[in-house]
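In our numbering, the protein residues as written are 151 to 619. So the structure is just underneath, and the comments pick up after that.
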């Protein structure tokens, strides 16, 4: 009997030990932060990538569309530039709507709308001829303006999402992941658009398939995205605490600022002007690179799909590297001006030099190499423009002020395609690159004037009352 009792006692002791170890393990797992925020960052990357592929596909159908509807370079530039009119107002409205309705609702409304309009672009010429007195270009104008409006909120929504989901020490990384979509989207637009054109032999079918895929992606987004960590069922308490405690840059009680305060901040205005340069270069390459390569070096679709990818290859790396560099500069020197002003200004100067040199190079390989280097440098500081908005703005106004930044900078989405088409028609493509370089130099000067350490504060009610007395 005694050995039996000893055996049973041993089992009880072992079971107790195992139970205790299991409890310790469960407690440690409960204390370990989940990684739901990285799922959110991945969703941002996916949707913004699709956003960029959908907008850039038209450039690869430009030759077929121009031939079918007899568009000149100036008219084609107008078709490519109409997107910017809607994009400007969409980015502005999207930021304000995000602050009022929440990011998820606005993401879904915008994504579904741009997907449907992408499909409708297949019949843009017919719409114009039926509704606008036989003018195909007016059909493209109407649909591209609406399409631009629906795509406009994306990057303001991204910044608002990151403001809620990223602790301060991961902000640069999170922004880089989201903004990588610009470069990867531009890089993948070439093989995707050209592949669909070659596969279907029909530019209309390309738009239909792209729009259908975008709708499917929005279903995935709707299932897994929430506005904040507190609303997400897979974000545990440890992760929520990690994010909230890591956002030390603002008081939890700061209120929203009125829209006009944006224009009282030298930092926000100059930052928007700096971002204008990034978008000008991006839209010049997105809209005119395929046509430039076809006109100057006679690439056909079979070779264009990979040649047009090259200028975006370096940017895919530098947009990630830029976030790390900015975070490292801030961590090592605790100096926002070094991590924002100096970093951006030096890089923009180098970017401008690359584009200024293009007219002096005769070979396709040399020109593509300069484009690749210039675009890579341009992307290196992409996260700075968005970080500055978060640096100086209360969280309640990040969506609105991100939208205003994007709206000002998005004048480039109108000016770049139209001005580039006009310059190419009357002065040649070299003039297009020279103007691009001059704009980069101007933005370099604007970025030297930032004061990112001066955070905007909502005026306290008591102070307002005292002033009134």
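The beta carbon of each residue, even a glycine, is placed where N, CA and C say it ideally should be. Computed from a predicted structure; not experimentally measured.
Checklist line | Residue burial classification, residue 600 (beta-carbon count within 10 angstroms, cutoff 16) | finding: buried
Next item on the list: Select from 190, 239, 272, 475 the residue whose C-alpha is nearest the C-alpha of residue 215.
Entry: It is 272 whose Cα lies nearest to the Cα of residue 215.
Check: Is the Cβ-Cβ distance between residue 302 and residue 239 less than 8 Å?
Finding: yes
Check: Alpha carbon to alpha carbon, what distance is there between residue 549 and residue 247?
Finding: 8 Å
Notebook entry, point to check: Just to confirm, are residue 532 and residue 311 a CB contact at a threshold of 8 Å?
Noted result: no
Note to self: Assuming residue 444 is part of the alpha helix (DSSP H), what are its boundary residues?
What the structure shows: 416–447
Notebook entry, point to check: Where does residue 491 land, buried or exposed, given buried means 16+ other C-beta within 10 angstroms?
Noted result: buried
Check: Can residue 353 and residue 211 be called in contact, C-beta distance under 8 Å?
Finding: yes
Margin query: Please identify the residue among 327, 260, 189, 226 whose C-alpha is closest to the C-alpha of residue 440.
Written below: 226
Checklist line | Touch test, the region 554–568 against the region 489–509, Cβ-Cβ under 8 Å, three pairs minimum | finding: Cβ pair count under 8 Å is below three, so no.
Margin query: Please tell me whether residue 203 and residue 330 are closer than 8 Å, where the distance is taken between their beta carbons.
Written below: no
Note to self: Could you tell me the alpha carbon to alpha carbon distance between residue 326 and residue 386, rounded to whole angstroms?
What the structure shows: 25 Å
Note to self: Let me check understanding here. Comparing Cα to Cα, which of 593, 553, 193, 187 lies closest to residue 367?
What the structure shows: 193
Next item on the list: Return yes when the Cβ of residue 209 is within less than 8 Å of the Cβ of residue 560, no when it is not.
Entry: no
Notebook entry, point to check: Does DSSP classify residue 378 as helix, strand or coil?
Noted result: DSSP places residue 378 in coil when its eight states are reduced to three.
Check: Are the CB atoms of residue 494 and residue 479 nearer to each other than 8 Å?
Finding: no
Notebook entry, point to check: Mind checking residue 219: buried by the 16 CB within 10 Å criterion, or exposed?
Noted result: buried
Note to self: Taking its Cβ as the centre, do 16 or more other Cβ atoms sit within 10 Å of residue 158, making it buried, or is it exposed?
What the structure shows: With a pLDDT of 40 at residue 158, under the threshold of 50, the modelled position of this residue cannot be trusted, and the question is left open.
Check: At a cut of 8 Å, does the region 341–349 reach the region 415–431 through at least three beta carbon pairs?
Finding: no
Next item on the list: Just mark residue 504 as buried or exposed, buried being the case when its beta carbon has 16 or more other beta carbons within 10 Å.
Entry: buried
Note to self: For residue 520 and residue 251, I'd like the C-alpha separation in whole angstroms.
What the structure shows: Between residue 520 and residue 251, the C-alpha separation is close to 44 Å.
Next item on the list: Within 10 angstroms of the Cβ of residue 585, are there 16 or more other Cβ atoms? Answer buried if so, exposed if not.
Entry: buried
Next item on the list: Give every residue of the same chain whose Cβ lies closer than 8 Å to the Cβ of residue 279, excluding the five residues on either side of it in the sequence, and list them in chain order.
Entry: 285, 286, 289
Notebook entry, point to check: Nearest CA to the CA of residue 526: which residue from 583, 277, 460, 182?
Noted result: 460
Margin query: If I measure Cβ to Cβ from residue 393 and keep anything under 6 Å in the same chain, skipping five residues before and after, which residues do I get?
Written below: 317, 379
Checklist line | Entirely enclosed alpha helix (DSSP H) segments - the region 180–238, minimum 4 residues | finding: 186–210, 212–219
Notebook entry, point to check: Is residue 175 helix, strand or coil by DSSP?
Noted result: For residue 175, the predicted model reports a pLDDT of 37, less than 50, meaning its position is unreliable and no value from the coordinates is stated.
Margin query: Less than 7 Å between C-beta atoms, sequence neighbours within five positions excluded: which residues of the same chain meet that for residue 598?
Written below: Same-chain partners within the cutoff: 491, 495.
Margin query: DSSP three-state label for residue 521, please.
Written below: helix
Check: Going by alpha carbons, who is nearest to residue 409 out of 450, 552, 483?
Finding: 552
Margin query: By alpha-carbon positions, which one of 538, 428, 267, 576 ends up nearest to residue 606?
Written below: Comparing alpha carbon positions, the residue from 538, 428, 267, 576 closest to residue 606 is 538.
Next item on the list: Check each candidate in 282, 323, 370, 389 and name the one with the smallest Cα separation from residue 470.
Entry: 323
Notebook entry, point to check: Nearest to residue 374 by CA position, among 604, 186, 270, is which residue?
Noted result: 186
Check: Which same chain residues, not among the five before or five after residue 436, have their C-beta less than 7 Å away from its C-beta?
Finding: 206, 209, 336
Check: Does the beta-carbon distance from residue 412 to residue 528 come in below 8 Å?
Finding: no
Notebook entry, point to check: According to DSSP, is residue 458 helix, strand or coil?
Noted result: Three-state DSSP puts residue 458 in coil, outside helix and strand.
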